[in-house]
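Take 985 as the starting number for the sequence shown in the working numbering and just add one per residue. See below for the structure under consideration.
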Amino acid sequence: MALAIETKPLPLTRSRDGVIRVRGTRVTLDTVIGAFLEGATAEEIAQQYPTLSLPDIYSVISYYLNQRAEVDTYLQQREKQALKIREQNETRFDPSGIRERLLARKQG
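Take a look at the structure:
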């Protein structure tokens, strides 16, 4: 019996807003690679995100290791975008004193 060697498509999709996710899930590339870079194994990532299949996790990690510069650039852009959105939100909604306001609302 001969072993069939075939290439499976990468399990990543890009949404309309440019976010890359693992196909069929809401889990982002950022999430999987972030966990991997923090030392999580593929099995640990699968336990943390049960919607991900182990083969898909290994595929995403392999993609990262083979395309590290491009993925790192994407991740840096996403981080900058997240910081910008956070700054915009904090400008619109002053976070100072929020804990006290929420506690006062709960007691009142």
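Backbone N, C-alpha and C fix where the C-beta goes; we use that ideal spot for every residue, glycine too.
Check: Tell me which same chain residues have a C-beta within less than 6 Å of the C-beta of residue 995, skipping the five on either side of it?; Outcome: 1006, 1007, 1040, 1043
Check: Does the beta-carbon of residue 1029 have 16 or more other beta-carbons within 10 angstroms, so that it is buried, or is it exposed?; Outcome: buried
Check: Identify the residues that DSSP records as bridge partners of residue 1006: which are they?; Outcome: 996
Check: Within 10 Å of its beta-carbon, does residue 1019 have 16 or more other beta-carbons around it, so buried, or fewer, so exposed?; Outcome: buried
Check: DSSP has residue 1012 in a bridge; who is on the other side?; Outcome: 1005
Check: In the structure shown, what three-state DSSP assignment does residue 967 receive?; Outcome: Residue 967 is absent from the structure shown; the chain starts at 985 and stops at 1092.
Check: Leaving out the 5 sequence neighbours to the left and right, which residues in its chain are closer than 6 Å to residue 1048 when beta-carbon positions are compared?; Outcome: 1017, 1055
Check: Mapping DSSP to helix, strand and coil, what is residue 1048?; Outcome: helix
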